[in-house]
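K.L.:
Numbering (the numbering used here), first residue to last: 4 to 518.
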């Protein structure tokens, strides 16, 4: 019998407990077969509605999140009235924990909301992120229902914030913010948006910080000013390849709150702003209000010759409302948000490709992906489970259940769904075996690996809840014939072993340990 200790020289950990902080990476293996280092696999930390409500999720995140341990909160499709649950007397919820991800199942059907009673920019937020840093949001809507949809109320001042943020390094991907006046109140340093939507009436994007809006839809519901920057930073609001739509035209792109900076680059304006483009200052002249290659819905460039150039708040300033090619080229994510730590948020939003799911008896299996944090499973469109190993014990499923799997990226965001697999009768489904690989068998505490000598092999073992409890990787000449599972610290129970070769061949074995 080959002792586990022999494999340590290849960087293979002898035992990985369910709550272990990570797995050693086998440099040799990844140099040959992977583009980079694999993520340490983990399940989502908290499923709202399964592990408890959002109040419990907030408390758990506060205890567990850290710079070395991003805490992932997942929201299955539903509407979550957090204003009544975690809000103050005016239904404002304050969140102060850094290094947390808010992941929804879908942008339009996962809705976190409140309904503030009294209006005011600082007292109404559905979520107020107060001195929290390194937050990530994906595939959900955050909504203030105070007067959203009540068109008659739009003529009256009614500041009802959906998100108020104060912190550094926020990322929003496929997120909708829904409210009226002051929907999105920024008080932070650096924020990155990718896709998503922001709806509002007056000044519905307002405040401080360098915020890069990449491909975001801006939905204007009132003939008013869209933005109200109050800029103390270097770049202000940068709208790149965004789309302006809404219920009205002839609005203003923005008005200066305090020393404003805002630019619109390559923006499609389905609804056209006023000819002048920019409104009167509130209390100071802007530093920069400008556009570059704004286009109509048909793609034709808009004539910017009538855009406003002069502003008077005390003194009078004259600004060029059109950026040159050289000036526009400076507005990159790296320049606007990179900072002294070379932050690259656009890399963190990349999605993991969908897996291909197959059934092996009572098991669902799919190929591992080194870029996947873990996987979420959905049954008939509803959340089912999430796992850290590329397999799931499906013995509790009914024949005909439709299963899809989505891979999570490093921040917890879920990519596109896999093929929809209709669960079949396990007795009529043959155990999957592909490629020229050997076979696995189990006797008592021994796992036998036979005929695996032609290529490097990776072995992962997960428990019945999908938690990875062991991983080993070996080059062809070092694949063991027998593994003593008792020495790996596995307790009594049911396990799934998945052996994969470099050629993507796979063997799956479900087994039980009696002691």
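In this text, a Cβ means the ideal position worked out from N, Cα and C, and glycines have one as well.
Quick check: residue 241 and residue 223, are their CB atoms within less than 9 angstroms of each other?
P.N.:
no
K.L.:
Pull up the DSSP beta-bridge partners for residue 178, would you.
P.N.:
143
K.L.:
So what does residue 209 bridge to, in DSSP terms?
P.N.:
188 and 231
K.L.:
Within 10 angstroms of the Cβ of residue 150, are there 16 or more other Cβ atoms? Answer buried if so, exposed if not.
P.N.:
Looking at its Cβ environment, which holds 16 or more other Cβ atoms inside 10 Å, residue 150 is buried.
K.L.:
Ignoring anything shorter than 3 residues, give me the beta strand (DSSP E) runs that lie fully in the segment 49–105, in order along the chain.
P.N.:
74–78, 81–84 and 96–98
K.L.:
So, with DSSP's three-state summary, where would you put residue 504?
P.N.:
The three-state reading of DSSP puts residue 504 in strand, counting E and B together.
K.L.:
On the three-state DSSP scale, how would you describe residue 363?
P.N.:
Strand at residue 363.
K.L.:
Report yes if the CB atom of residue 256 is closer than 9 angstroms to the CB atom of residue 229, and no otherwise.
P.N.:
In this structure, residue 229 lies closer than 9 angstroms to residue 256 by Cβ.
K.L.:
With DSSP as the reference, label residue 157 as helix, strand or coil.
P.N.:
helix
K.L.:
To the nearest angstrom, how far is it from the Cα of residue 196 to the Cα of residue 416?
P.N.:
14 angstroms
K.L.:
When burial is assigned at 16 or more other CB atoms within 10 Å of the CB, is residue 356 buried or exposed?
P.N.:
When all chains shown are included, residue 356 counts as exposed.
K.L.:
Can the beta-carbon of residue 426 be found less than 9 angstroms from the beta-carbon of residue 367?
P.N.:
yes
K.L.:
Do residue 268 and residue 304 have their CB atoms nearer than 9 angstroms?
P.N.:
no
K.L.:
Suppose you measure from the CA of residue 77 to the CA of residue 172; what does that come to, to the nearest Å?
P.N.:
Residue 77 and residue 172 have their C-alpha atoms spaced approximately 20 angstroms apart.
K.L.:
Among residues of its own chain, excluding the 5 on either side of residue 225, which ones have a beta-carbon nearer than 7 angstroms to its beta-carbon?
P.N.:
157, 204, 205 and 251
K.L.:
Helix or strand or just coil, what does DSSP make of residue 313?
P.N.:
strand
K.L.:
Which two residues bound the contiguous alpha helix (DSSP H) that contains residue 330?
P.N.:
328–332
K.L.:
Candidates 306, 302, 68 and 295: which alpha carbon is nearest residue 332's?
P.N.:
295
K.L.:
Identify the residues that DSSP records as bridge partners of residue 196: which are they?
P.N.:
175 and 216
K.L.:
Using the Cα positions of residue 324 and residue 56, report the straight-line distance between them to the nearest angstrom.
P.N.:
49 angstroms
K.L.:
Name the DSSP bridge partner or partners of residue 452?
P.N.:
443
K.L.:
By how many angstroms is the C-alpha of residue 82 removed from the C-alpha of residue 164?
P.N.:
Roughly 18 angstroms separates the two Cα atoms.
K.L.:
Apply the 10 Å Cβ neighbour rule to residue 122 and answer buried if 16 or more other Cβ atoms are within range, or exposed otherwise.
P.N.:
It counts as buried.
K.L.:
Hey, could you find the ends of the alpha helix (DSSP H) residue 355 is sitting in?
P.N.:
For residue 355, no alpha helix (DSSP H) segment is defined, and its DSSP state is neither H nor E.
K.L.:
Rank 282, 66 and 262 by C-alpha distance to the C-alpha of residue 311 and give the top, closest one.
P.N.:
Ranked by Cα distance from residue 311, the options 282, 66 and 262 are led by 282.
K.L.:
May I have the straight-line CA-CA distance separating residue 231 from residue 277, to the nearest angstrom?
P.N.:
Cα atoms of residue 231 and residue 277: separation of roughly 16 angstroms, rounded to the nearest angstrom.
K.L.:
Quick one: does residue 237 have its CB under 9 angstroms from some CB of chain B?
P.N.:
No chain B is part of this structure, which consists of one protein chain only.
K.L.:
What's the call for residue 423, buried or exposed, on a 16-neighbour Cβ count within 10 Å?
P.N.:
exposed
K.L.:
Mind checking which residues open and close the alpha helix (DSSP H) that includes residue 349?
P.N.:
348–351
K.L.:
Classify residue 347: buried if its beta carbon has 16 or more other beta carbons within 10 angstroms, exposed otherwise.
P.N.:
Of the other Cβ atoms in all chains shown, fewer than 16 fall within 10 Å of the Cβ of residue 347; this residue is therefore exposed.
K.L.:
According to DSSP, simplified to helix, strand and coil, what is residue 463?
P.N.:
strand
K.L.:
Just to confirm, is the Cβ distance from residue 135 to residue 101 under 9 angstroms?
P.N.:
yes
K.L.:
Consult DSSP for residue 485 and reduce its assignment to one of helix, strand or coil.
P.N.:
strand
K.L.:
When the distance is taken between beta carbons, is residue 361 closer than 9 angstroms to residue 381?
P.N.:
no
K.L.:
Pull up the distance between the alpha-carbon of residue 512 and that of residue 178, whole angstroms please.
P.N.:
40 angstroms
K.L.:
Using the C-alpha atoms, what's the distance from residue 65 back to residue 86?
P.N.:
19 angstroms
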